[in-house]
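Trainee:
As structure tokens, then:
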């Protein structure tokens with residue numbers, strides 16, 4: 003295993019509430035990513051980070067923000083959760099041995115917004 | 008247009024069959040290429056990297072065609088345990104390096 007953990011693993015929340023998902027790595031990978039996975043859409047990139055305090059948007063970033071204050075942690079915040087954000091969220095890491103290397107995934111967080 | 012496109016399938020094949028998946032990418036800034044496997048309700052895991060010269064790992068062969076911007080995965084002698092979703096992925100250099108996935112192709116291998 004690549005030493006990547008996501009928390010929580012499951013969460014049910016109400017529409018309009020803020021939610022923060024955490025990704026923690028112990029492998030010193032430079033890149034960290036947040037994806038959501040929905041039927042028919044595969045993995046879609048929300049935001050990614052290429053270093054501490056360095057982040058950029060992916061293809062579905064609206065309604066999400068991220069922060070990376072240290073190498074190990076990458077937080078994803080849903081500022082005001084909506085039912086369309088019900089999904090499985092995966093964190094991934096890459097780049098310990100250079101750019102262009104494989105991604106390792108966390109086990110995912112199942113988020114339900116009711 | 009999506010950055011990475013795959014035939015969603017599903018592919019239903021008998022044991023022992025040969026099955027091929029294709030994936031196209033639209034951005035010529037794509038630098039690295041991979042196939043991942045994802046089992047039901049699990050996280051994706053790397054199956055193999057893809058190189059221009061082609062590469063083989065047992066029953067699995069991956070090819071990259073940069074001119075036509077597609078990658079392929081060939082599975083020979085399919086096993087029941089090959090049933091899974093196969094995702095292609097590319098790393099784009101757009102200032103930062105980001106990994107973009109296709110939607111995945113579902114494979115069912117039947118006895």
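Chains as they are written, first to last, in the working numbering: chain A, 3 to 116; chain B, 8 to 118. For every residue, glycine included, the Cβ atom is placed at its ideal position computed from N, Cα and C.
1) In angstroms, rounded to a whole number, what distance separates the CA positions of residue 63(A) and residue 82(B)?
2) Alpha carbon to alpha carbon, how far is residue 39(B) from residue 100(B)?
3) Measure the C-alpha to C-alpha separation of residue 59(B) and residue 69(B) and round it to an integer number of angstroms.
4) Starting from residue 87(B), follow the beta strand (DSSP E) in both directions and report where the run begins and ends.
5) At a cut of 8 angstroms, does the region 84-96 of chain B reach the region 37-53 of chain B through at least three beta carbon pairs?
6) Less than 7 angstroms between the C-beta atoms of residue 43(A) and residue 60(A), yes or no?
7) For chain A, check one thing: does any of its Cβ atoms lie closer than 7 angstroms to the Cβ of residue 117(B)?
8) Could you tell me which chain A residues have their CB closer than 7 angstroms to the CB of residue 22(B), listed as they occur along the chain?
9) If you check the beta carbons only, do residue 148(A) and residue 90(A) fall under 7 angstroms apart?
10) Restricting to Cα atoms, I'd like to know which of 75(A), 114(A), 80(A), 68(A) is closest to residue 29(A).
11) Could you give the distance in angstroms between the alpha-carbon of residue 47(A) and the alpha-carbon of residue 94(A)?
12) Output, in sequence order along the chain, the residues in the region 7-28 of chain A whose CB is closer than 7 angstroms to any CB in chain B.
13) Any chance the region 14-26 of chain B sits against the region 17-29 of chain A, with 3 or more Cβ pairs inside 8 angstroms?
14) Taking C-beta pairs closer than 7 angstroms, name the residues in chain A that residue 87(B) reaches, listed in chain order.
15) Cutting at 7 angstroms between CB atoms, please list the residues of its own chain near residue 34(B), excluding the five before and the five after it.
16) When you compare only the Cα positions, how much space is there between residue 52(B) and residue 34(A)?
17) Hey, out of 106(B), 102(B), 117(B), 79(B), whose CA is closest to residue 86(B)'s CA?
Mentor: Reading off the structure:
1) For this step, residue 63(A) is matched to residue 61 along the first chain. For this step, residue 82(B) is matched to residue 75 along the second chain. Whole-angstrom Cα-Cα distance: 35 angstroms.
2) The residue you call residue 39(B) lines up with position 32 of the second chain. The residue you call residue 100(B) lines up with position 93 of the second chain. Cα-Cα distance, rounded: 9 angstroms.
3) Reading the second chain from its first residue, position 52 is the one you call residue 59(B). Reading the second chain from its first residue, position 62 is the one you call residue 69(B). Computed Cα separation, rounded: 9 angstroms.
4) Within the second chain, numbered from 1, the residue matching residue 87(B) stands at position 80. Run containing residue 87(B): none; DSSP gives neither H nor E here.
5) yes
6) Here residue 43(A) is taken as the residue at index 41 of the first chain, counted from 1. Here residue 60(A) is taken as the residue at index 58 of the first chain, counted from 1. Contact flag unset, no.
7) Sequence index remark: in the second chain, residue 117(B) carries index 110 (1-based). Not closer than 7 angstroms to any Cβ of chain A, the Cβ of residue 117(B) fails to qualify, so no.
8) The residue given as residue 22(B) occupies position 15 in the second chain. Under the 7 angstroms cutoff, chain A gives no residues; its nearest Cβ is about 27 angstroms from residue 22(B).
9) Nothing about residue 148(A) can be read from this structure; chain A reaches only from 3 to 116.
10) Counting from one through the first chain, the residue named residue 29(A) turns up at place 27. When only C-alpha atoms are compared, the closest one is 75(A).
11) Reading the first chain from its first residue, position 45 is the one you call residue 47(A). Reading the first chain from its first residue, position 92 is the one you call residue 94(A). So the alpha carbons of these two residues sit roughly 10 angstroms apart.
12) none
13) Touching, no, given that fewer than three Cβ pairs across the two stretches are closer than 8 angstroms.
14) Translated into positions along the second chain, residue 87(B) becomes position 80. What residue 87(B) touches in chain A: nothing, since even the nearest Cβ is about 23 angstroms away.
15) For this step, residue 34(B) is matched to residue 27 along the second chain. These residues qualify, in order along the chain: 10, 99.
16) Along the second chain, read from residue 1 onward, the residue named residue 52(B) stands at position 45. Along the first chain, read from residue 1 onward, the residue named residue 34(A) stands at position 32. Going by the C-alpha atoms only, they are around 16 angstroms apart.
17) As a first step, residue 86(B) must be located in the second chain, where it is residue number 79. Nearest of 106(B), 102(B), 117(B), 79(B) to residue 86(B), Cα basis: 117(B).
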